[in-house]
Structure formats: C-alpha cells, structure tokens
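A short write-up of the structure that comes next.
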Amino acid sequence: MFTQPGDAPGIEPDSSEGIRRMLTEIILDASTNAPRSRQRRIGPSEVGDPCPRRLAYKLMDWPAANDGGDPWPSIVGTATHDWLANALERHNRQTGTKRFLVEERVHVDDSSVSGYRLSGSCDAYDTATHTVIDHKVVGDSVMRKYKTEGVREQYRIQANLYGLGWENAGYTPQTVALAFYPRGGMLGGLWVWTDVYDRTVALDALKRLGTIRDALIALDPEARPQMWEHLPAQPSSACRFCPFWKPGSADLAVGCPGDLTTHQATTAA
Ligand code: SF4
C-alpha cells in the first residue's frame, strides 16, 4: 500500500502531530542521503581527531555502531555553509574579482606522507590576504569554551591541512582562520580565530595518520577482531558524537564503549 511520510495509525495527516511527523521523516531521509552523510573516505576535518581508534575505524570503513543521533545541528551547519558560499560568490560577482575561491577541492596528500590520497573541499580561500577560511556553526556553550580555553586542536589541524592543499596548488597561504557563527544567536556573535599557517602542523598530522595505517596493517583487525583493543582509544565527551560509539559494548568489532563517564551520565539521565 502506498504510504505518505509521517503516516501513522490514528494520526490525522493534517493535524499538528501528523504534519510534525511528515516533516521530520522527510528531513531525516534527506539528511541520511545527503552527500556529507554518505562520505566514506577520510577527509581533512577528521585527520586531527584525537582518538586513534576512531580514525582506525574510519580508515577501515567500519560499519557505524549508531545512527548518528539528531541531525539538526549538522543540517543547520550545512545550510549555513551553502548560504555563506553564495554570499562570497556574490561578492566576487559584485566586485568583478575572483577574490574568494569558494568550496574548491584541494589535494592535501598524494599518499606520500600518510599513505592515503587525501583531498577536501575548503570553505574559502581569500586571495587578497592569502587566508584559509573555515566556517564553523556552534552552540553558545561551545563558543564560550573556545573563546576561553582555545579552539579544538582538530580544527587547527584541519585548517592547516587545507593550507597545505592550497600550497600544493601553487598558492602561498599565510593565515588560517576559523570563523565561528552562533547557531542560535545573531551575526554580531561571529567570532574569528586566526593563526599563522604552519605546514608542519599539517605534515605532523599526516604522519600520525600514516602511523595508524601501519598499525592497522600490522594488527589486521578485520581478520583478527581481538586486535581492535591494541588500537588505543582516547575517550572523551566527544564519544557521543562518534559513529562507532556503542555504550557498554564488550566487542570492539561491533562498537567501542567509549567514555564510561559519558555513558553513565547519558544512561542515568
Ligand atoms: S567511542 Fe570514543 S573512544 Fe571509542 S572510538 Fe569513538 S571517540 Fe574513540
């Protein structure tokens, strides 16, 4: 029988609950099938992940252990990226310049450093100031944390990996910038972190990736699942965003138990 999104017994399709279910279902379906959700190869945003085990799962293209939770923050982030790309392209058109290189794919490693061909789409490169710009859309508490404690090292690595990609393309990046937009606030809350471009940050991260690759080759957890435990984990509160997080798991081939504190806090709530 043909069914409409949100159809459920006893719920009228034009009631508020029927409409809510219909919209939620359509959004979830679109989100699950979005290009970013289906991206399988490791990208510059993931290389600096502090947890070697998570990187190992990703490199092995291991099946996810959870459904990723509520996708709304990432939908808002993706939509904001699209809007910002259009705004920068509009600026180029209005000024008759090509000041901003927007959403261009850069090649970070030809596999000679990490063993992987690594490329990614960079949010923007400002040719007037030779600045790599990466947009981040964050909630209030995260914004406060980054301002007071500094930004995530993973982000700093990501920005420098893009810098290396631009350098490989013949440009001369000088600065890396992370532009943090408040997810629920006003444009006045935009906060920008900058640093001098440092190719050694990128190269060190690629070498670390190569070390994890070597460990995977030596341990071969696909054939010997008990070897997963030899890939070190770095559990943290970020485990709850990890696709391989399976609270309470005793079998690392199925999922990683991650941060017990987070697990207990989540299950106790
Ligand atoms: S759940 Fe946590 S510790 Fe386990 S792989 Fe993911 S990030 Fe690492």
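In the working numbering, each residue's number is its place in the sequence shown (first place is 1) plus 122. From the three backbone atoms N, C-alpha and C, an ideal C-beta is built for every residue, glycine too. These numbers come from a predicted model, not from an experiment.
What's the gap between the Cα of residue i and the Cα of residue j?
i	j	result
Arg112	Lys267	In this structure the chain extends from 123 to 391, so residue 112 is not present and cannot be described.
Lys220	Asn214	5 Å
Pro195	Ala299	22 Å
Gly370	Leu181	23 Å
Ser137	Asp129	11 Å
Tyr284	Val228	7 Å
Phe222	Arg305	24 Å
Glu147	Asp189	14 Å
Val169	Pro135	45 Å
Trp315	Met308	18 Å
Val273	Phe302	10 Å
Pro379	Ala372	7 Å
Glu271	Ile141	42 Å
Thr322	Leu286	9 Å
Val376	Val224	39 Å
Leu150	Pro193	7 Å
Tyr293	Leu145	44 Å
Pro343	Ile164	18 Å
Asp381	Arg362	8 Å
Gln280	Cys244	10 Å
Ser241	Ala207	19 Å
Gln386	Gln356	In this prediction, Gln386 scores a pLDDT of 44, lower than 50, which makes its location untrustworthy; the coordinate-derived value is nonetheless stated afterwards. Approximately 17 Å between the Cα atoms of the pair.
Ser167	Ala246	14 Å
Asn282	Thr200	21 Å
Trp288	Leu338	29 Å
His352	Arg162	24 Å
Gly311	Asp248	22 Å
Asn155	Trp184	18 Å
In terms of residue numbering, what span does the alpha helix (DSSP H) encompassing residue i cover?
i	result
Ala301	That residue, Ala301, is in no alpha helix (DSSP H); its beta strand (DSSP E) goes Thr297 to Pro304.
Glu139	Ser138 to Thr154
Arg212	Trp194 to Thr217
Val169	Pro166 to Val169
Trp367	Neither: Trp367 is in no alpha helix (DSSP H) and is coded neither H nor E.
Arg162	Per DSSP, Arg162 belongs to no alpha helix (DSSP H) and is neither H nor E.
Pro91	In the structure displayed, the chain extends from 123 to 391; residue 91 sits before or after that span and is not available.
Leu286	Glu275 to Asn290
Kindly indicate the opening and closing residues of the beta strand (DSSP E) around residue i.
i	result
Ala360	Taken as a continuous stretch (DSSP letters only), Ala360 belongs to no beta strand (DSSP E), as it is neither H nor E.
Ser243	Arg239 to Asp248
Asp317	Trp313 to Val318
Asp262	Not the beta strand (DSSP E): Asp262 falls in the alpha helix (DSSP H), residues Asp262 to Glu271.
Arg321	No beta strand (DSSP E) contains Arg321, which is instead part of the alpha helix (DSSP H) from Arg321 to Leu341.
Leu223	Phe222 to Asp232
Between residue i and the rest of its own chain, which residues show a CB-CB distance below 8 Å, the 5 nearest in sequence each way excluded?
i	result
Asp204	none
Val198	Val259 and Arg305
Gly132	none
Glu139	Ile133
Gln296	Thr251, His252, Thr253, Val318 and Tyr319
Ala291	Val228 and His229
Once the 5 residues before and after residue i are set aside, which same chain residues still bring their CB inside 6 Å of it?
i	result
Tyr277	Leu300
Pro237	A small fix is needed here, since residue 237 is Gly in this sequence, not Pro. These residues qualify, in order along the chain: Gly332 and Arg335.
Please return the same chain residues whose Cβ sits closer than 7 Å to the Cβ of residue i, not counting the five positions on each side in sequence.
i	result
Asp171	Leu177 and Gln276
Thr389	Only weak support exists for where Thr389 lies, its pLDDT of 34 falling under 50; the value from the coordinates is given anyway. Here the set comprises Pro369.
Pro354	Pro174 and Arg175
Ala186	Pro365 and Phe366
Trp313	Met265, Lys269 and Phe302
Using a threshold of 8 Å, is the CB atom of residue i nearer than that to any non-hydrogen atom of the ligand GTP?
i	result
Cys364	Annotation note on the ligand GTP: not contained in the displayed structure, which lists the ligand SF4 as its ligands.
ask   = Is the number of C-beta pairs between the segment 342-359 and the segment 311-328 that are closer than 8 Å three or more?
value = no
key: the segment 257-277 touching the segment 231-242, judged by at least three CB pairs closer than 8 Å   = no
task = Please confirm if the segment 359-370 is in contact with the segment 163-182, defined as three or more CB-CB distances below 8 Å between the two stretches.
result = yes
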